[in-house]
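Undergrad: Start counting the sequence shown at 50; every next residue gets the next number (the numbering used here).
Each residue gets a CB set at the ideal place from its N, CA and C atoms; glycine is no exception.
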Amino acid sequence: NDDVGLDGNPLTYDTGQGDGVPTSGAGTGFPGEPNIDVTDVSESDQLGLTNVQYQQSGNFHTEQDEGTWNRWMIPGKFWDTSINTVNGDWDLFVSSGLFPLKAGQRARISMAVNLGQDKKDALRNKEISQKTYDLDYQFAKAPILPVLKAIPGDGKVTLYWDDKAEKSFDKFMQDIGAEPYDFEGYRIYKATDPAFEDAYSITDADGNLTFYKPVAQFDLKDGITGLDSLGINGAHFNLGNDSGLRHSWVDEDVINGQTYYYAITAYDRGAAWAEIPPSETPIPITVEVTGEVKMGTNVQRVIPEAPSAGYVAPTLVNIDQPAQGNTTGRIMYDIVDPQIIPDNHKYRITFRDTLLPRQNQTEPDTLKTLDFSLFDVTFESEGKIDTLILNCPKLKASEEIPMTDGFRLILDNEDVIELNQTLSGWNDDEIMPLSLRPFQAGFLVGFPNPKDYKIVFGDVGIDTSIYLKVRRIDLNPKAVNFTVYNLTDSEKVKFAFWETDGDDGVFTASYLESDVIVFMEENSEGELSPSWRFKVVFDSLHRNPTKGDTAYLYLKKPFLSNVVFEFTTHAPFVDNELAKTQLDRIKVVPNPYVATAIWEGRNFFTTGRGPRSIHFNHLPRQCTIRIFTVSGELVDTIEHDSPIDDGSAEWDVLTRDNLTVSYGVYIYHVDAPGIGEKLGKFAIIK
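1) Looking only at its chain, what residues have a beta carbon closer than 7 Å to the beta carbon of PRO391, apart from the 5 residues adjacent to it on each side?
2) Going along the chain, which residues of its own chain have a beta-carbon closer than 6 Å to the beta-carbon of ASP52, five neighbours each way excluded?
3) Pair every Cβ in the region 608-616 with every Cβ in the region 638-647, then say whether three or more of these pairs are closer than 8 Å.
4) Whose C-beta lies closer than 8 Å to the C-beta of ASP550 among residues of the same chain, with five residues either side of it excluded?
5) Since ILE733 and VAL710 should fall inside the 8 Å C-beta cutoff, what is the C-beta to C-beta distance between them, to a whole number of angstroms?
6) For the candidate residues GLY97, ASP523, ALA372, ALA323, whose alpha-carbon lies nearest to that of GLN179?
7) Tell me which same chain residues have a C-beta within less than 7 Å of the C-beta of THR595, skipping the five on either side of it?
8) If I'm right that VAL348 touches LEU197 with Cβ under 8 Å, what's the distance once you round it to whole angstroms?
9) Go ahead and label ALA321 buried or exposed: buried means 16 or more other beta carbons lie within 10 angstroms of its beta carbon, across all protein chains shown.
10) Using a Cβ distance threshold of 8 Å, determine whether the region 343-363 contacts the region 315-334, with at least three qualifying pairs required.
11) By DSSP's criteria, ARG486 is part of a beta bridge. Which residues make up the other side?
12) Less than 8 Å between C-beta atoms, sequence neighbours within five positions excluded: which residues of the same chain meet that for TYR62?
13) Using DSSP with H/G/I as helix, E/B as strand and the rest coil, what is GLN388?
14) Mind the definition here: the region 585-603 touches the region 496-503 only if three or more C-beta pairs lie below 8 Å; say whether that holds.
15) Measure from the alpha carbon of ALA372 to the alpha carbon of each residue in ILE398, PRO353, ASN393, then state which is nearest.
16) Am I right that ARG592 and ILE438 are in contact with their C-beta atoms under 8 Å? What's the rounded C-beta distance?
17) Give every residue of the same chain whose Cβ lies closer than 7 Å to the Cβ of ASN572, excluding the five residues on either side of it in the sequence, and list them in chain order.
18) Can the beta-carbon of ALA358 be found less than 8 Å from the beta-carbon of GLN631?
19) Helix, strand or coil for TYR311, going by three-state DSSP, please let me know.
20) Rounded to the nearest angstrom, what separates LEU703 and TYR360 at their Cα positions?
21) Starting from PHE616, follow the beta strand (DSSP E) in both directions and report where the run begins and ends.
22) Taking the beta strand (DSSP E) that ASN119 belongs to, which residues open and close that run?
23) Measuring CB to CB, does PRO692 end up less than 8 Å from LYS417?
24) Residues in the same chain with beta-carbon distance under 6 Å from PRO387, minus the five sequence neighbours each way, listed in chain order, please.
25) Can you tell me the Cα-Cα spacing of GLY146 and HIS110, whole angstroms?
26) Please report the Cβ distance between ALA315 and TYR238, rounded to the nearest whole angstrom; I am assuming they are in contact, meaning their Cβ atoms lie under 8 Å.
27) Label ILE123 either buried or exposed according to how many other C-beta atoms from any shown protein chain fall within 10 Å of its C-beta, with 16 as the threshold for buried.
28) Where are the beta strand (DSSP E) runs, 3 residues long or more, that stay fully inside the region 441-484, in chain order?
29) With DSSP as the reference, label LEU632 as helix, strand or coil.
30) In its own chain, which residues sit with a C-beta less than 7 Å from the C-beta of ILE325, not counting the 5 before and 5 after it?
31) Would you kindly check if the distance between the Cβ of SER144 and the Cβ of THR99 is under 8 Å?
32) Can you tell me where the beta strand (DSSP E) with ILE676 in it begins and where it stops?
33) Starting from the Cα of ILE663, find the closest Cα among ALA646, GLN671, THR678, ARG651 and give me that residue.
34) Please state if the CB of PHE424 and the CB of LEU444 are separated by a distance shorter than 8 Å.
35) Just to confirm before moving on: does the CB-CB distance between PHE546 and LEU524 stay below 8 Å?
36) So, THR415 versus VAL465, is the Cβ gap smaller than 8 Å?
Below, the structure is given as structure tokens:
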């Protein structure tokens, strides 16, 4: 509610908060509660513009105060619009008054500057400004501004951002009875200029530029999709297609050396029933007259480049196999930010599982993965374990796991313990199809043991079954023509034999029924109990298994609580021996340089051509580049010393005396101590 006290903050519990009476901030230096006195701006009288003058630039003189007051500030004077104005630079002067202002009195002044593509668009924007004022600036707000990071790569740019916007609360929406937590998604914009003119391309019904066109969009899977129903003069905001949220994105449609600007915006769904369109966070970016670019937290400037010669990318070692337990689930990873991958850190992944009770007495219980946790155990010997992710239920490759320490895990879990039909089978395709399921006979239900098996067939007497009572039927021990092995633990498996066709100990199947092998293994209480039952499916076109045949039974095994993964991170580094073999990759771009390069930006010089730029790529991390004329005269020297992920140096196409170079062919020499040298040439065409 609005009963927030004198300072306007609901978290401080100050004077006036919770007393049920409006608290004004007038004369106190504090804002006070909403919609009273200084916070109720629409209570004020609107004077409007009372004097408007228009004249050619350079004719405004301030020597005489009296003249300034009489011409520019006396109410009721407006320039004659019937007088034709000549082309040129004109100044517009507006004033608003008169109103009393006593000594020491404080007054709030509100002013709106309305621009537009044309007169109609400007007047429409004026109406929006007036409505905003009438509502005391209390209107639906865009979500919290995301924080964006941009990581340059070789032919790619990786973006990642936080999730604070998803927790945005809109009090205005709550006040009108709409959903206050109305965050809907993210949009990514890309441009080669800081004004994002590349992206500002979507127009309204009158052809006025209205929206930026995103290169990527991610929204909640909530059924809210397509164009919003309200629109702005025929331009409708796209709410997404239920793609699901993501917090990183890789742009591979880039050119090394080119400067790119990226912005991530968060938007909400609005409230069509209240005629409130979706709101989107702004793209705060300004360019100073000096060319300096100032950006908000959701905007980044980045230049993709090839890394230094000898660069070895970061890796996660031993993540593909469990340190404990057995599973067919896979763990993969993405390197999101190579710059923050710690070196030689050890991590541990553990899982929790849960037993889902059987739906009826003739079905087995189901063991399912519940969630996983990630720990940094580098300093475990010192009693320090850092919990990075705790009890995360995201176990499918399609589900995004939060990034930690520069990498993001990708889990691809199995749903249940069952036979892997793709990997399992006979050594001979002529044998009848096999079947493996948890044993079930009446109320006697086996447990699905997550192991791999093989059944080897031979002569009767190769092995002997054990006793099991099933439905008042005694399955007595007998010599059989097969034996069962647990491949996971490299041990033999005890079994009972339910012979439905004959009584000779030979496993067979007929058109009526198949013999059944019941695996007998230790359950969670350490008792010998049925687990799986094996049989074949009768097929007159195939044969029974005989001596020399083997059935391979590979199971799908989820991440269970006995499974533990441990892996180690290796940060990126430069291998000098590798760098020596990569000197031939050094090149000049563009070559030839024909008048300009694609990455040369806006000219901020008042006169002249503006900056030029030639790039040297795939350089060693530290080296000296010398540029000569073909006659051997030294033109310029570049000292290159950069981070290992940037193997590029820039030359401004000026001599060491800061003079413009001539057209022609030039020789370059790269000298990298301890690595080697490279000699090459390039051409400049003007």
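TA: Based on what the coordinates show:
1) Within the sequence shown, residue 391 is the residue found at index 342, counting from 1. Only ASP454, THR618, ALA620 meet the Cβ criterion.
2) The residue given as residue 52 occupies position 3 in the sequence shown. Cβ within range, chain order: GLY67.
3) no
4) Position 501 of the sequence shown, counted from the first residue, corresponds to residue 550. For ASP550, where only same-chain residues beyond five positions count, the Cβ hits under 8 Å are THR557, ALA558, SER559, LEU561, GLU562, SER563, ASP564.
5) The residue labelled residue 733 in the question sits at position 684 within the sequence shown. The residue labelled residue 710 in the question sits at position 661 within the sequence shown. Between VAL710 and ILE733 the Cβ distance is about 7 Å, and since that is below 8 Å, they are a contact.
6) What you label residue 179 is simply residue 130 of the sequence shown in a count that begins at 1. It is GLY97.
7) By 1-based counting over the sequence shown, the position of residue 595 is 546. Closer than 7 Å at Cβ, skipping near neighbours: PHE506.
8) As a position in the sequence shown, residue 348 is number 299, starting the count at 1. As a position in the sequence shown, residue 197 is number 148, starting the count at 1. Contact holds; Cβ gap of about 7 Å.
9) Sequence index remark: in the sequence shown, residue 321 carries index 272 (1-based). The residue in question, ALA321, is exposed, as its Cβ has fewer than 16 Cβ neighbours within 10 Å.
10) yes
11) Looking up residue 486 in the sequence shown gives position 437. Answer by DSSP bridge pairing, in chain order: ARG582.
12) Numbered from its first residue, the sequence shown carries residue 62 at position 13. Cβ neighbours of TYR62 beyond the five flanking positions: GLY54.
13) If you number the sequence shown from 1, residue 388 lands on position 339. The answer is helix: DSSP assigns GLN388 an H, G or I state.
14) yes
15) Taking the first residue of the sequence shown as 1, we reach residue 372 at position 323. Cα-wise, what sits closest to ALA372 is ILE398.
16) Counted from its first residue, the sequence shown places residue 592 at position 543. Counted from its first residue, the sequence shown places residue 438 at position 389. No, ARG592 and ILE438 are not in contact; Cβ-Cβ is about 52 Å, not under 8 Å.
17) By 1-based counting over the sequence shown, the position of residue 572 is 523. Around ASN572: PHE496, SER578.
18) The residue you call residue 358 lines up with position 309 of the sequence shown. The residue you call residue 631 lines up with position 582 of the sequence shown. Their beta carbons are under 8 Å apart, which means ALA358 touches GLN631 by this criterion.
19) The sequence position of residue 311 within the sequence shown is 262, counting from 1. In the structure shown, TYR311 sits in a strand (DSSP, three-state: E or B).
20) For the purposes of this step, residue 703 is taken as the residue at position 654 of the sequence shown. For the purposes of this step, residue 360 is taken as the residue at position 311 of the sequence shown. Between LEU703 and TYR360, the C-alpha separation is close to 30 Å.
21) The residue given as residue 616 occupies position 567 in the sequence shown. Per DSSP, PHE616 belongs to the beta strand (DSSP E) from 613-619.
22) Numbered from 1 along the sequence shown, position 70 holds the residue referred to as residue 119. From DSSP, ASN119 is part of no beta strand (DSSP E); its letter is neither H nor E.
23) Sequence index remark: in the sequence shown, residue 692 carries index 643 (1-based). Sequence index remark: in the sequence shown, residue 417 carries index 368 (1-based). No, these two residues do not count as a Cβ contact at 8 Å.
24) Here residue 387 refers to the residue found at position 338 when the sequence shown is read from its first residue. Cβ within range, chain order: PRO363, PRO621.
25) Start at 1 with the first residue of the sequence shown, and residue 146 comes out as number 97. Start at 1 with the first residue of the sequence shown, and residue 110 comes out as number 61. Each residue's alpha carbon lies about 21 Å from the other.
26) Taking the sequence shown and counting its residues from 1, one reaches residue 315 at position 266. Taking the sequence shown and counting its residues from 1, one reaches residue 238 at position 189. Wrong, their Cβ atoms sit about 12 Å apart, outside the cutoff.
27) On the sequence shown, position 74 is the one that residue 123 refers to. That one is exposed.
28) 456-461
29) Taking the sequence shown and counting its residues from 1, the one referred to as residue 632 is at position 583. In the structure shown, LEU632 sits in a helix (DSSP, three-state: H, G or I).
30) Within the sequence shown, the letter at position 276 stands for residue 325. Cβ within range, chain order: ALA189, GLY319.
31) Here residue 99 refers to the residue found at position 50 when the sequence shown is read from its first residue. Here residue 144 refers to the residue found at position 95 when the sequence shown is read from its first residue. Cβ atoms of THR99 and SER144: closer than 8 Å.
32) In the sequence shown, residue 676 corresponds to position 627, counting from 1. ILE676 -> beta strand (DSSP E) spans 671-678.
33) To locate residue 663, count along the sequence shown from 1; it is residue 614. Ranking ALA646, GLN671, THR678, ARG651 by Cα distance to ILE663 puts ALA646 first.
34) For the purposes of this step, residue 444 is taken as the residue at position 395 of the sequence shown. For the purposes of this step, residue 424 is taken as the residue at position 375 of the sequence shown. Taking 8 Å as the Cβ cut-off, LEU444 and PHE424 do not qualify as a contacting pair.
35) Taking the first residue of the sequence shown as position 1, residue 546 is located at position 497. Taking the first residue of the sequence shown as position 1, residue 524 is located at position 475. In contact: PHE546 and LEU524 (Cβ atoms closer than 8 Å).
36) Within the sequence shown, the letter at position 366 stands for residue 415. Within the sequence shown, the letter at position 416 stands for residue 465. Their beta carbons are under 8 Å apart, which means THR415 touches VAL465 by this criterion.
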